[in-house]
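Numbering (our numbering), first residue to last: 1 to 235. Where a beta carbon is used, it is the ideal one built from N, C-alpha and C, also for glycine. Input: a single structure, listed below in structure tokens.
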């Protein structure tokens, strides 16, 4: 008999989280990125096999993860790569002003704690779903409405009720939905307008888009987590 009574039910993820002992370090699970002990200088573009002189001939750098982990590129450079196809000047200007919050990429420590709990429960899921859950765990009210419908294979958005929710949280919800389903509830171009997406929500959504595209290596940019060998374990 399975140790999870709620297996294959909508409550399975909650049960798994509740059965995790406090301060328990998982063995054999979690997210681990290990990069060889390179220095930023060793990952300079001139050593790339594709390098023929600047500008780089590649449409997108194939070694962004390695370069990000050793500090060979900045967060602003990664953002520029992510949003390179976008030509709206107003969006580019707003992206230049993107700054990490004092608590890192998360809204606060409660947000970080909630996301880590769900990250532990949702092992092996696509980066897009991890990014969406990053957004949905930012606010208690939003999480209470949507997180019960999160599954390992997606989110049952059709069951979610949003009546009475604030405009900022609504923008975050639509961004999460767009990341998972590809819907046009909110587009990247909408991020250019503060009247549609406030500064707090803008920062969260940009981080989520980076997570969806590049994975959790994005967190290596957080203060104190950037090193020549990055190992990030979710507990």
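Taken through DSSP and simplified to helix, strand or coil, residue 150 comes out as strand. Rounded to the nearest whole angstrom, the C-alpha separation of residue 164 and residue 170 is 10 Å.
A Cβ-Cβ separation of about 16 Å leaves residue 206 out of contact with residue 73 under the 8 Å criterion. Here the alpha carbon of residue 192 sits roughly 13 Å from the alpha carbon of residue 200. For residue 189, there is no enclosing alpha helix (DSSP H), as DSSP marks it with neither H nor E.
Exposure of residue 96 is indicated by the presence of fewer than 16 other C-beta atoms within 10 angstroms of its C-beta.
Assignment of beta-bridge partners to residue 155 by DSSP yields 150. The C-alpha of residue 216 is placed about 16 Å away from the C-alpha of residue 81. Per DSSP, residue 126 is not a residue of any alpha helix (DSSP H), being assigned neither H nor E. Nearest C-alpha to residue 208 among 194, 196, 174, 195: 174. Residues of the same chain with their beta carbon placed closer than 6 Å to that of residue 181 are lacking, with the five preceding and five following residues left out of the count.
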